[in-house]
Amino acid sequence: MIAAVRTAIASFRARRGMFLASGLAFNFIVGLIPLLFFVVSVAGFVLSRRAVMEAVLGQISAIVPVYKNELHDTLAEIIRRRRLSSLLGTAVLLLFSSQLFNSIRLVLSDIFGFRGGPGFLRGLLRDVVMVVAMGVLFLGSLVISDIFGWLKILVFQTMGAPTQWVRSWSLALALAFSTAFFFVPYRYFPHRRVPVGAALAGALLAAVLWETAKQIFRWYILSFGVYDQVYGPLGVLVALAMFAYYSGVVFILGAEFAAALMTKGRRA
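With the working numbering as the guide, the letters of the sequence shown map in order to residues 54 to 321.
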(Lines of atoms letter the chains of each structure in order from A and count residues from 1; the text may use other names and numbers.)
(Lines give C-alpha, C1' and ligand atoms only; values in the text may rest on other atoms or scores of the structure.)
Protein backbone atom coordinates (compact mmCIF):
# COMPACT_ATOMS: atom_id res chain seq x y z
CA MET A 1 0.00 0.00 0.00
CA ILE A 2 2.79 2.43 0.92
CA ALA A 3 4.64 1.48 -2.25
CA ALA A 4 1.50 2.24 -4.27
CA VAL A 5 1.25 5.67 -2.63
CA ARG A 6 4.88 6.41 -3.50
CA THR A 7 4.32 5.27 -7.07
CA ALA A 8 1.21 7.43 -7.32
CA ILE A 9 3.05 10.53 -6.10
CA ALA A 10 5.98 9.87 -8.45
CA SER A 11 3.62 9.37 -11.40
CA PHE A 12 1.70 12.51 -10.43
CA ARG A 13 4.89 14.56 -10.58
CA ALA A 14 6.14 12.91 -13.77
CA ARG A 15 2.80 13.45 -15.50
CA ARG A 16 2.70 17.10 -14.38
CA GLY A 17 -0.40 16.51 -12.31
CA MET A 18 -0.68 20.16 -11.30
CA PHE A 19 -0.95 21.14 -14.95
CA LEU A 20 -3.57 18.46 -15.63
CA ALA A 21 -5.51 19.63 -12.57
CA SER A 22 -5.58 23.19 -13.87
CA GLY A 23 -6.95 21.94 -17.19
CA LEU A 24 -9.69 19.97 -15.46
CA ALA A 25 -10.48 23.00 -13.29
CA PHE A 26 -10.87 25.19 -16.37
CA ASN A 27 -13.20 22.69 -18.02
CA PHE A 28 -15.14 22.43 -14.77
CA ILE A 29 -15.68 26.19 -14.60
CA VAL A 30 -16.71 26.31 -18.28
CA GLY A 31 -19.10 23.38 -17.89
CA LEU A 32 -20.39 24.22 -14.41
CA ILE A 33 -23.32 26.44 -15.39
CA PRO A 34 -24.58 24.12 -18.18
CA LEU A 35 -24.18 21.15 -15.83
CA LEU A 36 -26.04 22.79 -12.94
CA PHE A 37 -28.74 24.04 -15.26
CA PHE A 38 -29.07 20.58 -16.80
CA VAL A 39 -29.56 19.00 -13.37
CA VAL A 40 -32.13 21.63 -12.41
CA SER A 41 -33.92 21.29 -15.76
CA VAL A 42 -34.14 17.49 -15.64
CA ALA A 43 -35.22 17.39 -12.01
CA GLY A 44 -37.68 20.20 -12.74
CA PHE A 45 -39.76 17.78 -14.80
CA VAL A 46 -40.51 15.87 -11.59
CA LEU A 47 -39.90 18.27 -8.72
CA SER A 48 -40.17 22.00 -8.19
CA ARG A 49 -37.29 23.82 -9.81
CA ARG A 50 -36.97 26.07 -6.81
CA ALA A 51 -36.66 23.05 -4.51
CA VAL A 52 -34.03 21.46 -6.75
CA MET A 53 -32.11 24.73 -7.05
CA GLU A 54 -32.09 25.15 -3.27
CA ALA A 55 -30.84 21.58 -2.85
CA VAL A 56 -28.06 22.08 -5.41
CA LEU A 57 -27.02 25.37 -3.84
CA GLY A 58 -27.05 23.71 -0.44
CA GLN A 59 -24.43 21.24 -1.65
CA ILE A 60 -22.29 24.01 -3.17
CA SER A 61 -22.60 26.26 -0.12
CA ALA A 62 -21.25 23.42 2.02
CA ILE A 63 -17.98 24.05 0.18
CA VAL A 64 -18.18 27.82 -0.35
CA PRO A 65 -20.53 28.84 2.49
CA VAL A 66 -20.12 32.61 2.37
CA TYR A 67 -21.22 32.89 -1.26
CA LYS A 68 -24.59 31.15 -1.08
CA ASN A 69 -26.58 34.33 -1.78
CA GLU A 70 -24.44 35.22 -4.80
CA LEU A 71 -24.74 31.69 -6.19
CA HIS A 72 -28.49 31.70 -5.59
CA ASP A 73 -28.97 35.01 -7.40
CA THR A 74 -26.74 33.98 -10.31
CA LEU A 75 -28.40 30.61 -10.91
CA ALA A 76 -31.89 32.07 -10.48
CA GLU A 77 -31.11 34.79 -13.03
CA ILE A 78 -29.77 32.24 -15.51
CA ILE A 79 -32.91 30.14 -15.15
CA ARG A 80 -35.13 33.20 -15.54
CA ARG A 81 -33.38 34.43 -18.68
CA ARG A 82 -32.64 31.18 -20.47
CA ARG A 83 -35.90 29.31 -19.88
CA LEU A 84 -34.49 26.17 -21.48
CA SER A 85 -37.15 23.90 -20.08
CA SER A 86 -37.96 22.05 -23.28
CA LEU A 87 -36.49 18.75 -24.30
CA LEU A 88 -34.45 20.52 -26.99
CA GLY A 89 -33.02 22.95 -24.47
CA THR A 90 -32.16 20.11 -22.12
CA ALA A 91 -30.40 18.28 -24.96
CA VAL A 92 -28.32 21.38 -25.71
CA LEU A 93 -27.29 21.64 -22.07
CA LEU A 94 -26.46 17.93 -22.06
CA LEU A 95 -24.18 18.41 -25.06
CA PHE A 96 -22.30 21.32 -23.49
CA SER A 97 -21.97 19.48 -20.17
CA SER A 98 -20.45 16.45 -21.89
CA GLN A 99 -17.27 18.37 -22.76
CA LEU A 100 -16.17 18.29 -19.13
CA PHE A 101 -16.63 14.52 -19.04
CA ASN A 102 -14.73 14.17 -22.30
CA SER A 103 -11.67 15.82 -20.75
CA ILE A 104 -11.99 13.61 -17.66
CA ARG A 105 -12.20 10.51 -19.85
CA LEU A 106 -9.06 11.46 -21.78
CA VAL A 107 -7.06 12.25 -18.63
CA LEU A 108 -8.07 9.00 -16.92
CA SER A 109 -7.32 6.91 -20.00
CA ASP A 110 -3.83 8.39 -20.10
CA ILE A 111 -3.26 7.78 -16.38
CA PHE A 112 -4.36 4.14 -16.61
CA GLY A 113 -2.32 3.62 -19.77
CA PHE A 114 -5.24 2.83 -22.06
CA ARG A 115 -4.41 3.67 -25.65
CA GLY A 116 -6.77 4.14 -28.57
CA GLY A 117 -10.37 4.71 -27.64
CA PRO A 118 -13.75 5.17 -29.28
CA GLY A 119 -14.39 7.37 -32.29
CA PHE A 120 -15.83 10.87 -32.07
CA LEU A 121 -19.52 9.98 -32.19
CA ARG A 122 -19.19 6.96 -29.94
CA GLY A 123 -17.10 8.95 -27.49
CA LEU A 124 -19.64 11.78 -27.50
CA LEU A 125 -22.46 9.32 -26.85
CA ARG A 126 -20.50 7.78 -24.01
CA ASP A 127 -19.86 11.20 -22.48
CA VAL A 128 -23.56 12.03 -22.66
CA VAL A 129 -24.42 8.75 -20.92
CA MET A 130 -21.89 9.56 -18.20
CA VAL A 131 -23.42 13.02 -17.72
CA VAL A 132 -26.83 11.43 -17.21
CA ALA A 133 -25.41 8.78 -14.86
CA MET A 134 -23.57 11.32 -12.72
CA GLY A 135 -26.64 13.56 -12.72
CA VAL A 136 -28.79 10.70 -11.44
CA LEU A 137 -26.16 9.90 -8.81
CA PHE A 138 -26.10 13.54 -7.72
CA LEU A 139 -29.88 13.73 -7.46
CA GLY A 140 -29.87 10.48 -5.52
CA SER A 141 -27.38 11.96 -3.08
CA LEU A 142 -29.68 14.97 -2.61
CA VAL A 143 -32.60 12.68 -1.79
CA ILE A 144 -30.58 10.63 0.69
CA SER A 145 -29.22 13.82 2.27
CA ASP A 146 -32.76 15.12 2.73
CA ILE A 147 -33.83 11.82 4.29
CA PHE A 148 -30.89 11.94 6.67
CA GLY A 149 -31.77 15.55 7.53
CA TRP A 150 -35.30 14.50 8.46
CA LEU A 151 -33.93 11.59 10.49
CA LYS A 152 -31.71 13.97 12.44
CA ILE A 153 -34.73 16.09 13.31
CA LEU A 154 -37.37 13.42 13.88
CA VAL A 155 -35.30 10.57 15.32
CA PHE A 156 -31.87 11.63 16.53
CA GLN A 157 -32.96 14.81 18.30
CA THR A 158 -36.08 13.14 19.70
CA MET A 159 -34.02 10.27 21.07
CA GLY A 160 -31.43 12.67 22.42
CA ALA A 161 -28.57 11.11 20.48
CA PRO A 162 -25.12 12.54 21.31
CA THR A 163 -23.96 15.33 18.99
CA GLN A 164 -20.70 13.52 18.28
CA TRP A 165 -22.64 10.44 17.19
CA VAL A 166 -24.71 12.47 14.73
CA ARG A 167 -21.58 14.16 13.37
CA SER A 168 -19.93 10.78 12.87
CA TRP A 169 -22.89 9.56 10.84
CA SER A 170 -22.88 12.78 8.81
CA LEU A 171 -19.17 12.36 8.07
CA ALA A 172 -19.64 8.71 7.11
CA LEU A 173 -22.47 9.66 4.76
CA ALA A 174 -20.37 12.41 3.17
CA LEU A 175 -17.46 10.00 2.67
CA ALA A 176 -19.79 7.42 1.11
CA PHE A 177 -21.15 9.99 -1.36
CA SER A 178 -17.68 11.25 -2.22
CA THR A 179 -16.38 7.72 -2.71
CA ALA A 180 -19.26 6.96 -5.08
CA PHE A 181 -18.64 10.14 -7.08
CA PHE A 182 -14.96 9.24 -7.52
CA PHE A 183 -15.54 5.52 -8.08
CA VAL A 184 -17.86 5.93 -11.07
CA PRO A 185 -15.35 7.99 -13.13
CA TYR A 186 -12.39 5.81 -12.14
CA ARG A 187 -14.23 2.62 -13.01
CA TYR A 188 -16.28 3.56 -16.08
CA PHE A 189 -14.88 6.72 -17.70
CA PRO A 190 -11.60 5.38 -19.20
CA HIS A 191 -11.53 3.60 -22.54
CA ARG A 192 -11.48 0.25 -20.73
CA ARG A 193 -12.90 -0.86 -17.40
CA VAL A 194 -10.65 -0.47 -14.37
CA PRO A 195 -10.71 -3.34 -11.82
CA VAL A 196 -13.24 -2.75 -9.06
CA GLY A 197 -10.70 -3.11 -6.25
CA ALA A 198 -8.27 -0.59 -7.70
CA ALA A 199 -11.01 1.89 -8.60
CA LEU A 200 -12.60 1.60 -5.16
CA ALA A 201 -9.29 2.06 -3.33
CA GLY A 202 -8.45 5.12 -5.42
CA ALA A 203 -11.94 6.52 -4.87
CA LEU A 204 -11.71 6.03 -1.11
CA LEU A 205 -8.34 7.80 -0.95
CA ALA A 206 -9.63 10.64 -3.12
CA ALA A 207 -12.78 10.93 -0.98
CA VAL A 208 -10.76 11.26 2.23
CA LEU A 209 -8.45 13.85 0.65
CA TRP A 210 -11.39 15.73 -0.86
CA GLU A 211 -13.37 15.90 2.38
CA THR A 212 -10.23 17.11 4.15
CA ALA A 213 -9.59 19.74 1.48
CA LYS A 214 -13.23 20.83 1.66
CA GLN A 215 -13.09 21.42 5.40
CA ILE A 216 -9.79 23.30 5.13
CA PHE A 217 -11.15 25.43 2.29
CA ARG A 218 -14.32 26.25 4.24
CA TRP A 219 -12.25 27.21 7.29
CA TYR A 220 -9.98 29.39 5.14
CA ILE A 221 -12.89 31.28 3.58
CA LEU A 222 -14.75 31.73 6.86
CA SER A 223 -11.57 32.84 8.65
CA PHE A 224 -10.09 35.16 6.06
CA GLY A 225 -12.69 35.73 3.31
CA VAL A 226 -10.14 37.31 1.00
CA TYR A 227 -11.77 36.44 -2.31
CA ASP A 228 -14.73 38.79 -2.02
CA GLN A 229 -12.54 41.56 -0.58
CA VAL A 230 -9.93 41.38 -3.33
CA TYR A 231 -12.03 40.41 -6.34
CA GLY A 232 -15.37 41.95 -5.36
CA PRO A 233 -18.30 40.51 -7.37
CA LEU A 234 -15.93 38.02 -9.01
CA GLY A 235 -14.96 36.56 -5.64
CA VAL A 236 -17.38 33.65 -5.91
CA LEU A 237 -15.99 32.69 -9.33
CA VAL A 238 -12.40 32.87 -8.11
CA ALA A 239 -13.25 30.82 -5.02
CA LEU A 240 -14.94 28.15 -7.14
CA ALA A 241 -11.99 28.12 -9.54
CA MET A 242 -9.53 27.60 -6.70
CA PHE A 243 -11.55 24.79 -5.18
CA ALA A 244 -12.00 23.23 -8.63
CA TYR A 245 -8.22 23.23 -8.92
CA TYR A 246 -7.80 21.58 -5.50
CA SER A 247 -10.44 19.02 -6.48
CA GLY A 248 -8.58 18.34 -9.73
CA VAL A 249 -5.37 17.65 -7.83
CA VAL A 250 -7.20 15.23 -5.52
CA PHE A 251 -8.95 13.57 -8.46
CA ILE A 252 -5.70 12.93 -10.32
CA LEU A 253 -3.91 11.70 -7.18
CA GLY A 254 -6.69 9.19 -6.55
CA ALA A 255 -6.51 8.03 -10.15
CA GLU A 256 -2.72 7.63 -9.95
CA PHE A 257 -3.14 5.54 -6.80
CA ALA A 258 -5.73 3.34 -8.53
CA ALA A 259 -3.43 2.98 -11.54
CA ALA A 260 -0.53 1.96 -9.29
CA LEU A 261 -2.68 -0.71 -7.64
CA MET A 262 -3.90 -1.94 -11.02
CA THR A 263 -0.34 -2.26 -12.32
CA LYS A 264 0.72 -4.05 -9.13
CA GLY A 265 -2.20 -6.46 -9.50
CA ARG A 266 -1.18 -7.32 -13.05
CA ARG A 267 2.37 -8.10 -11.99
CA ALA A 268 1.27 -10.30 -9.09
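Glycine is no exception: its CB is placed at the ideal position from the N, C-alpha and C atoms.
Alpha carbon to alpha carbon, how far is residue i from residue j?
i	j	result
G255	V189	22 angstroms
G301	A78	6 angstroms
D180	P238	11 angstroms
G250	A312	11 angstroms
R246	S276	43 angstroms
W263	P243	21 angstroms
L137	P87	Reliability fails at L137, whose pLDDT of 49 lies under 50, so the model's placement of it is uncertain and the value that follows must be treated cautiously. One C-alpha to the other measures close to 11 angstroms.
I200	A61	37 angstroms
V185	Q152	13 angstroms
V168	V83	In the sequence under discussion, the amino acid at residue 168 is Arg, which differs from the Val named in the question. The alpha-carbon atoms of R168 and V83 are separated by roughly 27 angstroms.
R220	M183	32 angstroms
V261	R158	22 angstroms
F234	T316	23 angstroms
A74	A292	16 angstroms
P54	L226	Note that residue 54 is Met in the sequence shown, not Pro. Between M54 and L226, the C-alpha separation is close to 25 angstroms.
Q217	A57	34 angstroms
L306	G70	8 angstroms
A308	M295	20 angstroms
For the alpha helix (DSSP H) holding residue i, just list the boundary residues, first then last.
i	result
V249	V249 to S276
F65	I55 to A67
Closest to residue i by C-alpha separation, out of the options, would be which residue?
i	options	result
F149	M71, S162 and L178	L178
R319	R69, G166, F65 and N80	G166
R240	V58, A294, S75 and L161	L161
F270	L257, A229, P171 and A297	A297
T265	F236, S231 and L253	S231
L174	V196, G70, S194 and N155	N155
Y299	A259, D126 and L314	A259
I197	Q217, G172, S223 and N80	S223
I164	L253, F65, L192 and D126	F65
K267	G170, L85 and L228	L228
F191	L89, V303, F81 and N80	L89
L399	I274, M295 and A252	Residue 399 lies beyond the range of the chain shown here (54 to 321); nothing can be said about it.
A290	L257, P171 and L85	Note that residue 290 corresponds to Leu in the displayed sequence, not to Ala. Nearest of L257, P171 and L85 to L290, Cα basis: L85.
Does the ligand SAH have a heavy atom nearer than 7 angstroms to the CB of residue i?
i	result
W263	Ligands are entirely absent from the displayed structure, and the ligand SAH is therefore not among its contents.
Practice problem: Ignoring anything shorter than 4 residues or poking outside the region 138-192, list the alpha helix (DSSP H) runs there in chain order. | Solution: 140-164
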